[in-house]
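Below is one structure, written out as structure tokens, with a few remarks after it.
Numbering (full-length UniProt numbering), first residue to last: 1 to 398.
Listed below in structure tokens is the structure:
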């Protein structure tokens with residue numbers, strides 16, 4: 001349920017919009033560029049002669065985590081934010097089987113105080129693999145896509161790929177050893193450390209190290225890269241360890257993972273947050289001519305829609321389960337829209353005066369909730385834009 005791009009954030013709103021969402025050229029054709037940097041480069045309106053800056057018919061509607069450092073430039077550049085209509089739960093997770101085993105032995109592995117060193121804590125290291133065994137297993141995992149140097153714990157000063165990150169860690173007095181950062185609570189008894197596997201370094205590696213130090217928890221932390229973390233969690237299902245995840249997301253739905261709950265006062269990382277959108281501020285100046293001749297301001301209406309829409313836990317659970325089963329995004333979107341109990345909900349999100357009959361070509365994009373196409377028409381086609389797969393687009397738009 002994310003728009004992801006590997007392109008760097010550029011200095012101009014034009015470059016940002018083209019690289020993240022796509023753009024509309026002077027002929028009124030919408031070009032999707034959200035899947036990859038290559039698609040962004042191939043978009044016809046990538047040429048300055050074919051694209052106006054600031055653009056009037058392209059806009060940003062992407063999932064943003066306010067806590068993520070890399071989203072700062074995007075939020076500063078774009079300016080306007082609004083709720084996405086659901087709450088995200090990022091944090092450290094354990095497989096439900098581990099949590100159940102702990103509960104059977106009177107240890108509540110969903111609560112952070114259980115992880116304190118014995119005798120204060122419950123000696124929970126017995127429920128988890130030790131770092132050396134997990135380290136060896138991680139290095140033996142076969143990646144599903146090529147990884148230069150193979151999958152490995154990245155908290156290593158001698159690894160060229162980690163050089164910049166290690167410099168940042170040293171600025172905070174954090175040092176790694178053989179691929180892992182060891183918390184002070186178990187630094188001198190490393191076999192007692194509970195292994196924690198993160199995705200990307202930028203996903204709060206330093207924050208987690210500092211938080212675990214404040215809480216005096218005996219943990220060892222590393223990052224692998226998000227694709228590599230997915231491979232490790234899925235392939236090492238027989239080895240118990242903590243891993244970073246968030247919900248709603250489909251990556252580990254089959255693991256039925258349970259989040260470890262910390263006291264918020266110890267964390268700089270929210271354990272739950274309202275996911276927001278970033279909307280290009282110039283959208284407030286954009287207008288669309290209704291077929292009946294009425295000019296409609298797009299910006300205020302789009303912001304109002306984001307403020308109105310909401311999705312339930314049941315909605316998200318169903319969508320994520322379908323994604324985990326391999327159901328295409330557009331099919332999931334279409335099913336949700338066509339499910340009659342949902343109709344009144346999404347109709348309430350779209351102002352009645354903007355109801356028009358429209359025909360929209362399937363773009364195959366994974367942009368979220370709204371889709372700008374053609375001369376600025378906006379089509380509500382659920383969370384993940386569909387339109388294909390035999391499902392006609394809804395008849396409300398603007």
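Note that beta-carbon positions come from the ideal geometry of N, C-alpha and C, so glycine has one too.
Using beta-carbon positions only, say whether residue i and residue j come within less than 7 Å of one another.
i, j, result
"residue 231", "residue 320", "no"
"residue 207", "residue 268", "yes"
"residue 180", "residue 131", "yes"
"residue 242", "residue 94", "yes"
"residue 143", "residue 151", "yes"
"residue 174", "residue 209", "yes"
"residue 252", "residue 221", "no"
"residue 217", "residue 86", "no"
"residue 128", "residue 194", "yes"
"residue 254", "residue 324", "yes"
"residue 96", "residue 338", "no"
"residue 185", "residue 117", "yes"
"residue 260", "residue 92", "yes"
DSSP on residue i, reduced to helix/strand/coil?
i, result
"residue 334", "helix"
"residue 383", "Its pLDDT being 34, under 50, residue 383 is placed unreliably by the model, and the measurement read from it follows with that caveat. Here residue 383 sits in strand by DSSP."
"residue 248", "coil"
"residue 174", "coil"
"residue 116", "coil"
"residue 186", "coil"
"residue 243", "strand"
"residue 150", "coil"
"residue 179", "strand"
"residue 92", "strand"
"residue 321", "helix"
"residue 307", "helix"
"residue 45", "Bear in mind that the predicted position of residue 45 carries a pLDDT of just 47, short of 50, making it unreliable; the figure below should be weighed with that in mind. The answer is helix: DSSP assigns residue 45 an H, G or I state."
"residue 314", "helix"
"residue 132", "helix"
"residue 167", "helix"
"residue 206", "helix"
"residue 122", "coil"
"residue 212", "helix"
"residue 406", "In the structure as shown, the chain begins at 1 and stops at 398. Residue 406 is therefore absent and cannot be evaluated."
"residue 103", "helix"
"residue 340", "helix"
"residue 347", "helix"
"residue 200", "coil"
Opposite residue i in the DSSP bridges: which residues?
i, result
"residue 195", "220"
"residue 261", "111"
"residue 274", "87"
"residue 127", "Beta-bridge pairing links residue 127 to no other residue."
"residue 161", "Note: residue 161 sits in no beta bridge, so no partner."
"residue 140", "Residue 140 pairs with nothing; no bridge assigned."
"residue 155", "179"
Taking the beta carbon of residue i as the centre, do at least 16 other beta carbons fall within 10 Å, making it buried, or is it exposed?
i, result
"residue 165", "buried"
"residue 111", "exposed"
"residue 163", "exposed"
"residue 434", "No answer is possible for residue 434: the residues shown for the chain start at 1 and end at 398."
"residue 256", "exposed"
"residue 344", "exposed"
"residue 192", "buried"
"residue 333", "buried"
"residue 306", "buried"
"residue 312", "exposed"
"residue 201", "buried"
"residue 109", "buried"
"residue 90", "buried"
"residue 400", "Here the chain has residues from 1 to 398 only, and residue 400 is not among them."
"residue 170", "exposed"
"residue 135", "buried"
"residue 119", "exposed"
"residue 102", "buried"
"residue 149", "exposed"
"residue 33", "Legend: pLDDT at residue 33 = 43, less than 50; position of this residue unreliable, no value from coordinates given."
"residue 264", "exposed"
"residue 122", "buried"
What whole-angstrom Cβ distance do residue i and residue j have, given they're in contact under 8 Å?
i, j, result
"residue 88", "residue 223", "19 Å between Cβ atoms; not a contact."
"residue 157", "residue 239", "Not a contact, Cβ separation roughly 26 Å."
"residue 277", "residue 84", "6 Å"
"residue 147", "residue 228", "6 Å"
"residue 336", "residue 342", "6 Å"
"residue 196", "residue 219", "5 Å"
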